[in-house]
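Per our numbering, the very first residue in the sequence shown carries number 303; after that it's consecutive.
Just so you know, even glycine gets a beta-carbon here, dropped at the ideal spot from N, CA and C.
Quick caveat, the model's predicted, so the values are computed rather than measured.
One structure is given here, and the rest of the page talks about it.
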Amino acid sequence: MSVFLAATLTSFAIYCLIAFSYPSWVEGSPAPGRIGWGLPHWLVNTFLVVICVVSSLALIFATFRGLHPGYSPVFDAFDAFTGRRAPSLLLGGITGGLLGAFVSRVLLLAPGSTIEARDKITVALLVVFFVLGIGGEEAIRSLAQRISKVSALGTEIEFADASKSASRANSRGSASTAAVGIAKGDAAVGRKTLGVPGSSYGLAFLSNLGAMIERDRAYSIISVMIKHGDAQVAVGSTKTIEQTLNQPMEFARVLIEPFAECLQTLQAQTGDVDFVNDRLLGLVGELRVLISSNPPDGKMAIRLTDSYFREADILGRFIMRTTLGSRIGRPPEERSDRAKAIGKSCNRFYFLLFEDACWHGSGAPDEKACWQAKKETLRKLEVPDDWIWQQSGIRDFYTNSDDPTSGNVGALDVLPKPLGTSAVNYMRDMISEFANKGSYSARPYSSIIYASIMAQVGRYEAALVELDRWLQLADSKTRNGWYAVRARNTLSILTEEWLRRPSTSVPTVLRQYHINNNEEVASLIRKLLHMEAFRSKHAILPEPLEKSGFSSRPQEHQPCQRSIGEPWDDLSFEQMQRAFATYVTAQLIVAQHALLHPGYPSLYSREVASALKEILGTDLSCAAISNGIDGIDHWRAESLRLYALMKLRDASVIAETKGKDSAASELQLGLDAATLGLEIIYPSAHRDQASIDTVDSSARDEPIFARILPTKAIETLEETNQVRAQLIDARRDLATSD
């Protein structure tokens, strides 16, 4: 509204200045109303023109500066008229001009003159434009987001699905929340949906990057064994895979995970998304070199290491001063839950910077041996849980040392002494080895690191572009191997997250790209891991739910066990269960977004029916779903809700082609499925809602969003109720239609 008022006052002042300088502009005004400038005519004209131009440019400049920093004069001017505040600028300019015209006529007309019809029209327009400027902009924007197509001269341009169900795709609790982070260990997101507004799963990817690479190594080996049919034949390929991924795994565990895990918990506990994003953006400049197809220069590792320690020092200093510092050395019972959570997550981060065990002995330490020991501890995740609480030196260092953010000292000048310059050199070598050992297109981890940061800072376009670019540049063998599954799965989760942002108006082409990508994920897993054979052995219900008429819930809470004679050990079998969960997840995402696609009846109806038929006949006990039994119930309820939504969308077409009786039968099937889904999800949702309504003393130290946000079970219950209500309305409308 401030932009609207500024534009109104500016245009009003300009109009009045000109009108009172040249009263002849106002019809019927007497000459004595003129301002006597006492200057030459040409100088007055020049002065008025300069005032008009400068005022207009100043208003445009101020409006643009409210959006983001400038890039160039041409870009600034163009963006001012096309940015999100352009409507306020335009409406304000028109309103000020109308107000000036009305006021000048009233003041300059001769005494006894009457108000004419055009003056009344001007007043009416003033009221309309003022209302639009104050509160109508949001209404116009909301209406524009609902427009799904424009037709002209026989040409139709389609933007997005504007149906009632389309808006649900962008809600925090859309059906696809079942598909994000549901496989155990893929993204540690917990039982609630994403907690802090503005945060991203990208930070969770960085926090679990080492575990992700370790799983990729296991899946690559499993796929090779399946391909050759004999573990002995695949020995050579297995060794190559291990040698290729050992170094990236070490790089992730030693450098990426400690830093990202500390940031993730700080964000969850404080909600300070901007501080977290600033630390990550400090690394982006050099990370762009890692995603270049050209070999990095020799100084890249030096610059990236310096950037890393600069941001690490700011992070360590902030946490020590705000959360941990006063509690270091205290007994456990005197530490707050917030300090405990941040201390646990930042344990490895501080260990990397401060562990000084090698310097306790006499004589000069072997810095290389010290660094190798520290690196091994980080790589194996063996840092003692209580290590950080025993290090008073950390508190003293961050209390007494200079602040690097002042610009008076460099990042390496304030490094903890135990780290040592030699250790810094070893870390530079590790970065160089990660960048140079294997080309950019050979493995996706540089792209995943960059895309995860871009998603966290809200630049989803850059994240998607980078992951898609990697898939395009990879050779044919890589695009059809497990690395492609990892890249596409990351792409899927970040796209899903972007589509569910409340402010995102979903273009149909992006939804279609998302569908195609998840189809490719399912296809690759099916081919590489022979997933259909795994499902037929371990995950077939005795009777599909559709065939049973949704009369009762399936018995799928029993433990899943591998069959005798299968070529898996226990660890490999667990990996297969996790892959099976990802496979079913991809099918759920395809069904969800195909049902929201405006071309669903002609493009996706058969595909969705086939996918949901398979899922409703699948025993989910063998899918490694997070949260155990509750996770299985949530997944099952989601699949039933999607089935009910499918029947709702199919009913109108079936009524036209097969008649009202067939459509009524389809609606009844959907209603039965929704009812069973509600029966399955209600216990979990009721328990979660009770925990939100009744916050006991043990939960008071939890972050506010962890206490008040609804869980996925609650959201699924609400959405299934909505679909059920729509089915009841559709059945009633069908019965009363001609």
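In the structure shown, what three-state DSSP assignment does residue i receive?
i, result
"Thr348", "helix"
"Thr416", "coil"
"Thr567", "helix"
"Thr540", "helix"
"Ile866", "coil"
"Val491", "Low confidence applies here, because Val491 scores a pLDDT of 35, under 50, leaving its location unreliable; read the following figure in that light. Residue state, collapsed to three classes: coil."
"Gln1028", "helix"
"Ile842", "strand"
"Trp772", "helix"
"Ala468", "Confidence at Ala468 is low in this model, with a pLDDT of 36, below 50, so its placement is unreliable and the value that follows should be read with caution. Of the three classes helix, strand and coil, the one that applies to Ala468 here is helix, per DSSP."
"Gly398", "helix"
"Glu763", "helix"
"Ala731", "The question names Ala, but residue 731 is Asp in the sequence shown. In this structure, Asp731 counts as helix in the three-state DSSP scheme."
"Gln545", "helix"
"Ile353", "helix"
"Asp777", "coil"
"Gly475", "In this predicted model, Gly475 has a pLDDT of only 38, less than 50, meaning its place in the structure is not dependable; the value taken from the coordinates is given anyway. In the structure shown, Gly475 sits in coil (DSSP, three-state: anything other than H, G, I, E or B)."
"Leu391", "helix"
"Phe501", "With the sequence shown as reference, residue 501 is identified as Ser, and Phe is not the correct amino acid for it. Reduced to three states, the DSSP call for Ser501 is coil."
"Gln674", "helix"
"Phe852", "coil"
Answer with buried or exposed for residue i, where buried requires no fewer than 16 other C-beta atoms within 10 angstroms of its C-beta.
i, result
"Ala562", "buried"
"Glu768", "buried"
"Leu873", "exposed"
"Gln894", "buried"
"Gly483", "Confidence in Gly483 is poor, its pLDDT being 36 and thus under 50, which makes the residue's placement too unreliable to answer from."
"His988", "exposed"
"Arg470", "Residue placement at Arg470 cannot be trusted, given a pLDDT of 37 that sits under 50; what the coordinates show is reported in the next sentence. It counts as buried."
"Pro633", "exposed"
"Gly245", "For the chain, the structure presents residues 303 to 1040; residue 245 sits outside this window and is missing."
"Asn510", "buried"
"Ala841", "buried"
"Arg813", "buried"
"Val433", "exposed"
"Ala489", "Confidence at Ala489 is low in this model, with a pLDDT of 35, below 50, so its placement is unreliable and no value can be given for it."
"Gly475", "Unreliable positioning characterises Gly475 in this predicted model, as indicated by a pLDDT of 38, which lies under 50. A coordinate reading is not provided."
"Ile423", "exposed"
"Ser502", "buried"
"Gln566", "buried"
"Ala309", "buried"
"Ser1039", "exposed"
"Arg420", "exposed"
"Cys857", "The residue you asked about is not Cys; residue 857 is Gln in the sequence shown. Looking at its Cβ environment, which holds fewer than 16 other Cβ atoms inside 10 Å, Gln857 is exposed."
"Glu940", "buried"
"Asp615", "buried"
In the DSSP assignment, find the alpha helix (DSSP H) that holds residue i and state where it starts and stops.
i, result
"Thr754", "The question names Thr, but residue 754 in the sequence shown is Ser. Residues Tyr747 to Gln758."
"Gly587", "Val575 to Leu592"
"Met878", "Asp872 to Leu898"
"Leu922", "Leu922 -> no alpha helix (DSSP H), and no H or E assigned at all."
"Val556", "Neither: Val556 is in no alpha helix (DSSP H) and is coded neither H nor E."
"Tyr742", "Taken as a continuous stretch (DSSP letters only), Tyr742 belongs to no alpha helix (DSSP H), as it is neither H nor E."
"Pro985", "Lys962 to Asp995"
"Trp689", "Careful: Trp689 lies outside any alpha helix (DSSP H) and carries neither H nor E."
"Met602", "Met602 to Ile621"
"Ile934", "Gly930 to Thr959"
"Ser509", "Gly504 to Ser509"
"Pro1045", "Because the chain here runs from 303 to 1040, residue 1045 falls outside it and cannot be looked at."
"Ile827", "Thr810 to Leu830"
"Pro804", "Counting along the chain, Pro804 falls outside any alpha helix (DSSP H), and DSSP gives it neither H nor E."
"Tyr902", "Tyr902 to Leu905"
"Ile644", "Asp639 to Ser647"
My guess is that residue i and residue j are in contact by the Cβ rule of under 8 Å, so how many angstroms apart are they, rounded?
i, j, result
"Arg828", "Tyr885", "7 Å"
"Ala965", "Leu1036", "6 Å"
"Thr540", "Ile523", "5 Å"
"Arg637", "Thr625", "In fact, because the Cβ distance is near 10 Å, the residues do not count as touching under 8 Å."
"Leu582", "Val759", "6 Å"
"Arg681", "Glu552", "5 Å"
"Leu568", "Ile690", "Actually they are not in contact, since the Cβ atoms of Leu568 and Ile690 sit about 14 Å apart, beyond 8 Å."
"Ala786", "Leu826", "6 Å"
"Gly435", "Gly399", "Incorrect: roughly 13 Å between the Cβ atoms, too far for contact."
For the ligand ATP, is there a heavy atom less than 8 Å away from the beta-carbon of residue i?
i, result
"Ile543", "Of the ligands one can find in the structure shown there are none, so the ligand ATP has no counterpart to examine."
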